[in-house]
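Enquirer: Can you read through this structure? Questions will come right after.
Numbering (our numbering), first residue to last: 92 to 1060.
The structure is reproduced here in C-alpha cells:
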C-alpha cells in the first residue's frame, strides 16, 4: 500500500500538468491530500488508493450525473497538517468545508482557481500569515468564504472588492488590522458580512448603503471609531446589525428607523450619547435591542412598548432617568429586561411581575417604594418563568412579599442594599432551584425561618447587615451545596448548630458581630474546604476546634469572645496536654527541639518537612536538566552562523534584513501592530549594553524601535529545540492575540533558522522580585499594593487557564510592575514552543527558582495541569506577604516558606510571618485569609488546590471591608 501511494505521489506533478482528465483524477487528488494529513481518529480510513470510486468515501459527495467529486466536507474530523495541492485535482468541486480541525500553514491562493468552487469554509483551524491578495484576484464564482477563527494577520486584501459574486464573507476572530476596506461596499451581492473580533481601526467608510442585499453585518469587538454611518439605514433587508465593543461616538442616526425587518440590533460598549429617539418603536421586528454600556441619557422612550416582537432589552450602564414606562406592557414577547446601573426613579411598576419575564435586572438605580404583592390565582403562572430577579442597590422599602415562593424556578434573588423591613417570608423555602439569595444590608428583623432548609439548591446565602434575631436554624444543613454563608452584623443568639458541619462544600462562614453563645462544635474541623471563618464579636466560649483549617485560624477571626480558649486567642484551656516533642534526627543527642521559629530565623536545627525533601529532591532533577540544556546550547552555538552571531551581539549600528521567505540566511521581523516600518526593516534589536537580565529561556534586552517606542526583546537560547518556522509562528501569533491588563503583551517576533527573538511591551517598573528582595525600606510595597499585585496576578492566571494555557513559570521574577504598580505577568505559554523538552528538563529550564515547582513535576505518573500554576501562585502569595524567598538556606538548615508560615499560624504568631517592613501597617482580617489561601494553593495534592477563577472570587470577598467595626468601642 505504501509503495503504491508513493508511486501516485511521484506521478502527481506530471498528472497536474496533464490536460487529459481521467476518471481517477479525483482519487489521485484525494489520496495526495490525505498524504499531507494526520488523522488521529482514523476518520479517513475508507479513503483507499485501490478504490477507483471515491463517491462512497467518508466526507465525499459526487455529482450523480458525472460521478465526479462535487463536495468535500470534513468538519470536526480532528485532522491536522497542511492543506496540500492535491485538492487542485478536484476540478468539479463545488463545496470545500474543512472547519473545526487543526490545519496549519498559510492559505494557498490557488484554491480559488478551482472554477467550479462555490463555497469554501476553513474556519476553526490554525491557519496563519496574511490572507494573500491573489486569493481574491481569482475568486471566480465563489459565493461563500469563511476563514473565521484562525490566526490570520495583516490588512484585508484590496482585491477582495473584485469578488462580485460573493454572498457570504466571514473573516471573524482573527488578527486582522488596519482600516476597514472601502471596497467591501462594492460587493452588492453580500448577504452576510462578519469581521468581528479583529483589530480593525479607523472610521467606518461611507458607501455602506450600496449593500442593498445585506441581511447580517457584524463589526463587533474591533477598534472602530467615528459615528454609526447614516447610510446603514438604506440596507433595507438588514436583519442583524452588531457594531458592539468599539469606540463609536455620536448619536443614533435617524436612518436606522428604516430598518423595519431588523430583528437584532447591538451597539453596546461604545461611546454613544444623546437620547434614544422615539422612532425606535418603528423598528417593529426587533427581537434583541442592546444599547448597554454607552452614555445615553434622558427617559426611556414610551414608544419602546410598540416593539411587539422584542424578547431581550438591555439599556444597562447608561444615564437614563425618569421612571420605567408603563407602555412596556405592549412588549408581549419580552423575556429579559436589564435597566441596571442607570438613574431611574419612581416605583416598581406592576408589569414587571405580570409579563412572564425570565430575567429582571434593575440594580443600581434610585427606584423606591414598596415591592407590591405578587399576582395570585391564574396570574401566578406568570411568575414561574422568572429565573433572575435583581433589585439590589435601590431605595425600596416595605416588606418582602409573602408570595415570593411562587417564583418556583428562581435561581438568583438579590434584594440587597435597600431599606426592606419585616421578616424573611417562610415561602423562601419553596424556591428549590434558588442558587443565590442575597438580602444583605436591609432592615430585616425576626428570625431566619427554619423553612430556609427547603431551598436545597442554595450555594450562596447572604443575610449580613440586618437586624435578624433568634437562633441559626439547624435545618440549614439541608442546603448541602452551600459554599458561602454570611450572617454577620445581626442580633443572632444561641449556639452555632453542629449541623453546619454537614455543609461539606462550605468555603466561607461569617457569623461575626452577633450575640451567639455556647461552645463551638468540634465537628467544624471536618469542613475541609473552609477558607474564611469569622465568629468575632460574639459571646462564644470553650475550646476552639482543632485540626485542618482551625490549626491556622487568624486571631482576628475569633476575637472579642472572652470565654474562648486556645492558641489563636492566646488563652490556654484547662487540662490541655502539651504538644508532643519532635526529635531532630540530625542531632547527635536526644535533646528535644520544640521552640517556635522566630521571625529572625535563629540558627537552630529544623526538621526537614515533606516540602523541603521535595525541594531537595527536585534539585537533582534541576541539575540534570541544566546539564542537558547546556550541552544542547553548546551544540547550537557551535553551529550558529557568523552572521547570526553578529546579529545577536549587534551594537545598534546594523539593520535586520526582512524577507517573506523562510530562507536560513534571511531574517523575518513581524510586528503584530501591522506597522509597515517594522515589516520591512528596522534598527538592530539587540544591544549588549542594554541587557535587562537572563532567565530560563534566554537573555532579555531593552531597545527602542524606529518609532521611538521602547520594547523588551527576549533572545531564545534553545534554538535546536524550537519548532519549525511555521509551527513557531503559529504558536507565537496565538500568544500575540492574548490581551489582558495583567499580562505582558507580545508585540512581535524575529525569526531566522538559528535565532529567534520575541518582542514584548516594555514594563518600566521592574520585577516584583527586585521590589520584594532588593529594595530599601523607603521603597517597600504597602499592604494595599501587595494585595493588588496578588489579585492582578490571580486574574491573569485565570484568564490564561480559560484559554487552556498553562504558564509553568510562575515566580516573582516573572511578575513585572508598571509605573502605577499594576502587575503584568510575562513568559506565559513559552513552553509550547519547545516540544522536545520533557517535563524534567522543562522543570529545570523554566522553574529555575527552587521552591515554586509543584511536587507533581517529580512524579512521572501525575498529569501536569493548570494546578501546577496554582501551586506556584500560592508560593508567590506567601512570598509577597512575608517578604521572604520560597526557600532560604541557613548554616545547616533549609527553611521552606510554606512550612514556616504554616507553623507560625498554628502557633498564633501572625506578626512573625509578616514582612518586617509592614509591621503594624496591615489589616490582619485581610492578611491572615490571604496567607491561608496561599497555603491551600500549595497543597501537595493537585485536586485539593482551588481553580484560579475560585481564587479570584475568594480574594475579592476577602477584600470587602468589614462594616460597622467603628461602632465597636
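For glycine and all other residues, C-beta sits at the position ideal for the given N, C-alpha and C.
#1: Does DSSP classify residue 730 as helix, strand or coil?
#2: Tell me the start and end of each unbroken beta strand (DSSP E) in the segment 805-855 that is at least 3 residues and wholly inside, in chain order.
#3: Which residues does DSSP pair with residue 570 in a beta bridge?
#4: Using 8 Å as the threshold, is the segment 200-208 in touch with the segment 821-831, meaning 3 or more CB pairs across them?
#5: Write down every uninterrupted run of the beta strand (DSSP E) in the segment 971-1013 whose length is 3 residues or greater and which is fully enclosed by it, in chain order.
#6: Using a threshold of 7 Å, is the CB atom of residue 474 nearer than that to any non-hydrogen atom of the ligand COA?
#7: Roughly how many angstroms lie between the CA atoms of residue 461 and residue 602, to the nearest whole one?
#8: What are the start and end residues of the alpha helix (DSSP H) that includes residue 890?
#9: What's the call for residue 142, buried or exposed, on a 16-neighbour Cβ count within 10 Å?
#10: Among 532, 548, 514, which one has its Cα closest to the Cα of residue 525?
#11: What does a CB cutoff of less than 7 Å around residue 1076 pick up in its chain, not counting 5 residues either side in sequence?
#12: Residue 412 lies in the beta strand (DSSP E); which residues open and close that run?
#13: What span of residues does the alpha helix (DSSP H) with residue 1042 cover, start to end?
#14: Measure how close the beta-carbons of residue 361 and residue 400 come, nearest whole angstrom, since I'm counting them as under 8 Å.
#15: Which term fits residue 1045, buried or exposed, when burial requires 16 or more other beta carbons within 10 angstroms of its beta carbon?
#16: Which word fits residue 248, buried or exposed, when buried means at least 16 other C-beta atoms lie within 10 angstroms of its C-beta?
#17: Mind listing, in chain order, the continuous alpha helix (DSSP H) runs of no fewer than 4 residues lying wholly within the segment 218-285?
#18: Restricting to Cα atoms, I'd like to know which of 345, 364, 365 is closest to residue 372.
#19: Could you please give me the residues that DSSP links to residue 529 through a beta bridge?
#20: Going along the chain, which residues of its own chain have a beta-carbon closer than 7 Å to the beta-carbon of residue 517, five neighbours each way excluded?
#21: So for residue 660, helix, strand or coil by DSSP?
#22: Which same chain residues, not among the five before or five after residue 289, have their C-beta less than 8 Å away from its C-beta?
#23: Given 8 Å as the limit, is there contact between the segment 240-247 and the segment 220-227, that is, 3 or more CB pairs closer than that?
#24: Just mark residue 877 as buried or exposed, buried being the case when its beta carbon has 16 or more other beta carbons within 10 Å.
#25: DSSP on residue 564, reduced to helix/strand/coil?
#26: Applying the criterion that 16 or more other CB atoms from any shown protein chain within 10 Å of the CB defines a buried residue, is residue 680 buried or exposed?
#27: Please classify residue 598: is it buried, with 16 or more other beta-carbons within 10 angstroms of its beta-carbon, or exposed?
#28: Do residue 386 and residue 405 count as a contact pair if the criterion is CB distance below 8 Å?
#29: Would you kindly work out how many angstroms separate the C-alpha atoms of residue 990 and residue 523, rounded to a whole number?
#30: So, for residue 281: in the same chain, excluding its five sequence neighbours on each side, which residues have a beta-carbon less than 7 Å away from its beta-carbon?
#31: What runs of the alpha helix (DSSP H), each 4 residues or longer, lie entirely inside the segment 164-206?
#32: According to DSSP, is residue 436 part of a helix, a strand, or is it coil?
#33: If you drop the 5 nearest sequence neighbours on each side, which residues of the same chain put their C-beta closer than 7 Å to that of residue 250?
#34: Do the segment 851-860 and the segment 991-1008 touch if we need at least three Cβ pairs shorter than 8 Å?
#35: Less than 6 Å between C-beta atoms, sequence neighbours within five positions excluded: which residues of the same chain meet that for residue 407?
#36: Quick check on residue 1047: buried or exposed, where buried means 16 or more other Cβ atoms within 10 Å of its Cβ?
Expert: From the atom records:
#1: Unreliable positioning characterises residue 730 in this predicted model, as indicated by a pLDDT of 39, which lies under 50. A coordinate reading is not provided.
#2: As far as the segment 805-855 is concerned, its whole beta strand (DSSP E) runs of at least 3 residues are 837-842, 847-852.
#3: In DSSP, residue 570 forms no bridge with anything.
#4: Short answer: they don't touch.
#5: If we require 3 residues or more, the beta strand (DSSP E) runs fully inside the segment 971-1013 come out as 978-980, 985-987.
#6: Of the ligands one can find in the structure shown there are none, so the ligand COA has no counterpart to examine.
#7: Those two C-alpha atoms are separated by around 29 Å.
#8: First-last of the alpha helix (DSSP H) with residue 890: 874-893.
#9: Counting the other CB atoms within 10 Å of its CB gives residue 142 a total below 16, which places it among the exposed residues.
#10: Nearest C-alpha to residue 525: 548.
#11: The chain is shown only over 92 to 1060; residue 1076 falls outside these bounds and no answer can be derived.
#12: Bounds of the beta strand (DSSP E) holding residue 412 are 410-413.
#13: Boundaries of the alpha helix (DSSP H) around residue 1042: 1039-1050.
#14: Going by Cβ atoms, the distance from residue 361 to residue 400 rounds to 24 Å, so no, they are not a contact pair.
#15: Around the beta-carbon of residue 1045, 16 or more other beta-carbon atoms lie within 10 Å, marking it buried.
#16: Answer is buried; the Cβ neighbour count reaches 16.
#17: You should have 224-228.
#18: It is 345.
#19: 505, 553.
#20: Excluding sequence neighbours, residue 517 sits near 540, 542.
#21: In this structure, residue 660 counts as helix in the three-state DSSP scheme.
#22: Residues of the same chain with a CB within less than 8 Å of the CB of residue 289, apart from the 5 flanking positions on each side, are 262, 263, 264, 265, 266, 267, 268, 312, 313 in chain order.
#23: Contact check between the segment 240-247 and the segment 220-227: three or more CB pairs, one atom from each, fall below 8 Å, which counts as touching.
#24: By the 16-neighbour rule on beta-carbons within 10 angstroms, residue 877 is buried.
#25: Looking at residue 564 - three-state DSSP - the assignment turns out to be coil, as it is neither helix nor strand.
#26: Interpretation of residue 680 is limited by its pLDDT of 34, a score under 50 that renders its predicted location unreliable; the figure taken from the coordinates is listed afterwards. Exposed, since its Cβ has fewer than 16 Cβ neighbours within 10 Å.
#27: Label assigned to residue 598: buried.
#28: Contact flag unset, no.
#29: Rounded to whole angstroms, residue 990 to residue 523 spans 44 Å at the Cα level.
#30: For residue 281, same chain residues with a beta-carbon under 7 Å away, outside a window of 5 residues either side, are 257, 258, 260, 302, 304, 305 in chain order.
#31: Correct list: empty.
#32: Coil, per DSSP.
#33: 224, 227, 228, listed in sequence order.
#34: In short, these stretches do not touch, since the Cβ pair count stays below three.
#35: Hits under 6 Å: 383, 429, 431, 432.
#36: Around the beta-carbon of residue 1047, fewer than 16 other beta-carbon atoms lie within 10 Å, marking it exposed.
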